[in-house]
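Reading through the structure tokens given below for one structure.
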Amino acid sequence: MPLHSIGLNSWTVHQIEDHLREGWKAARVIAVHRNMLVIHDGEREIKAELTGRLQFIAQLPKDLPTVGDWVSAQIMDQGEFAVIDVVLPRHSVVARKAAGDRVEEQLIAANVDVAFIVQACDADFNLRRLERYLVAVRSGNVRPILLLSKSDLVTKDEQQALIEQVHSIEPFLPVVLFSNDVQEGWNAVDSLLEPGKTHCLLGSSGVGKSTLVNRLIGSDLLKTSAIRESDGKGRHTTTSRHLIVLESGAILIDTPGMREFGTIGVESGVSETFSDIEEIGTHCRFTDCSHTVEKGCALISAVESGTLEASRLTSYLKLQKESARNEMSLADRRKKDKNQGKFYKQVIQAKKDRR
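Residue 430 in our numbering sits at position 334 of the sequence shown, with consecutive numbering throughout.
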């Protein structure tokens with residue numbers, strides 16, 4: 097039962113039964129730092145490190161533990177220290193392409209039930225960025241909800257206009273407005289938090305994620321920072337991901353603000369987020385239509401008639417191409433790494449044969 101307090105569900109129970117080694121305990125990763133992790137075994141927080149075996153067999157960064165993962169751990173030193181040997185299968189993930197030029201998938205959180213995508217009602221509000229988050233979240237089998245912060249900065253009519261903009265592209269996406277400054281909408285946000293479920297906060301720096309977490313916890317656990325008046329942007333006040341169990345029993349994962357949110361391998365999320373576009377696209381004259389220049393393209397006709405916004409079609413095509421390009425680059429790198437590994441083994445074997 098103690099594990100249920102940190103999000104254990106029936107699906108994970110089966111994974112524990114199938115993958116947990118005898119003499120080892122199931123635990124959940126609640127924080128990841130550069131050289132150390134923190135896990136929770138249902139009773140206490142424990143500093144932990146990875147075994148050499150796990151580090152050796154991990155071929156990609158996503159093979160290593162991230163916040164929210166369930167792991168097999170050996171507890172030592174009367175609960176003061178642990179080593180992690182196995183990452184249990186995940187039922188969901190929130191991931192992005194790693195920032196920068198390197199093509200690599202970066203896991204943000206694992207075993208998440210609900211993702212709160214946080215945008216502010218001011219200049220941070222951006223439908224195209226929202227689509228990007230929705231695509232990534234849905235591809236990871238996570239349910240999205242949009243939180244619009246700083247509601248006190250706009251009028252009621254402007255609030256309604258923002259909701260209508262969202263519902264013009266996502267008719268059934270839940271949208272909740274709140275303000276940390278005037279304590280508006282807190283009860284609505286709090287009612288979304290389900291006991292035993294894991295929720296993740298996603299958004300840019302300065303939209304109020306850390307302040308919201310502090311309000312929900314009832315203490316200033318997370319460091320916050322004021323917004324620069326010159327450009328309305330914030331700084332990264334949350335520098336690492338961590339899992340928090342609220343008094344209600346709901347579980348919350350806060351994440352650093354992200355300036356970049358690249359996509360990789362998100363075909364299912366694109367299809368779900370742009371289902372309206374894909375439905376129109378079935379009426380194109382050619383089955384391999386690129387939706388850019390072809391005569392008889394139903395999507396181009398929809399844009400010309402005003403039934404489809406050109407910016408939404410552009411976003412759809414951009415995310416499709418970006419994800420496919422990154423996936424191809426990642427596949428090429430995996431192949432190169434595999435061939436390089438074979439070469440090293442051959443060199444080592446040749447040296448042994450000469451002895």
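Just so it is clear, CB atoms sit at the ideal spot from N, CA and C, and this is done for glycine as well.
Between the CA atoms of residue j and residue i - distance to the nearest angstrom
i                 : j              : result
leucine 230       : histidine 115  : 32 angstroms
glutamine 261     : glycine 119    : 54 angstroms
glycine 103       : valine 278     : 32 angstroms
lysine 193        : valine 128     : 18 angstroms
glutamate 176     : aspartate 137  : 12 angstroms
proline 185       : asparagine 207 : 9 angstroms
arginine 331      : glycine 302    : Reliability fails at arginine 331, whose pLDDT of 42 lies under 50, so the model's placement of it is uncertain and the value that follows must be treated cautiously. Cα-Cα distance, rounded: 6 angstroms.
asparagine 237    : histidine 187  : 8 angstroms
threonine 320     : aspartate 209  : With a pLDDT of 43 at threonine 320, under the threshold of 50, the modelled position of this residue cannot be trusted, and the question is left open.
phenylalanine 221 : glutamate 400  : 26 angstroms
asparagine 105    : threonine 403  : 44 angstroms
glutamate 227     : proline 98     : 38 angstroms
serine 306        : glutamate 418  : 30 angstroms
isoleucine 340    : lysine 414     : 35 angstroms
cysteine 393      : serine 367     : 18 angstroms
isoleucine 347    : lysine 293     : 6 angstroms
Beta-carbon separation (whole angstroms), residue i vs residue j, contact threshold 8 angstroms
i              : j              : result
alanine 211    : valine 233     : 4 angstroms
arginine 117   : aspartate 181  : 7 angstroms
threonine 351  : leucine 312    : Not a contact, Cβ separation roughly 15 angstroms.
asparagine 422 : isoleucine 360 : 4 angstroms
histidine 338  : isoleucine 126 : 6 angstroms
alanine 191    : glutamate 201  : 5 angstroms
Helix, strand or coil at residue i [DSSP, three-state]
i                 : result
isoleucine 360    : coil
aspartate 137     : coil
glutamine 232     : The question names glutamine, yet the displayed sequence has alanine at residue 232. In this structure, alanine 232 counts as helix in the three-state DSSP scheme.
glycine 299       : strand
phenylalanine 177 : strand
histidine 379     : coil
serine 326        : For serine 326, the pLDDT reaches just 40, beneath the cut-off of 50, and the residue's location in the model is therefore unreliable, although a value from the coordinates is still provided. Three-state DSSP puts serine 326 in coil, outside helix and strand.
tryptophan 166    : strand
glutamine 202     : strand
valine 278        : coil
valine 399        : helix
lysine 246        : coil
alanine 122       : strand
leucine 156       : coil
leucine 348       : strand
CB contact below 8 angstroms: residue i versus chain B
i           : result
leucine 244 : Going by chain labels, chain B is absent from the structure shown, which holds only one protein chain.
For the 8 angstroms Cβ check, are there 3 or more pairs between the region 223-243 and the region 266-286?
-> yes
Are three or more beta carbon pairs between the region 280-290 and the region 250-260 nearer than 8 angstroms?
-> no
Do the region 164-176 and the region 369-387 touch if we need at least three Cβ pairs shorter than 8 angstroms?
-> no
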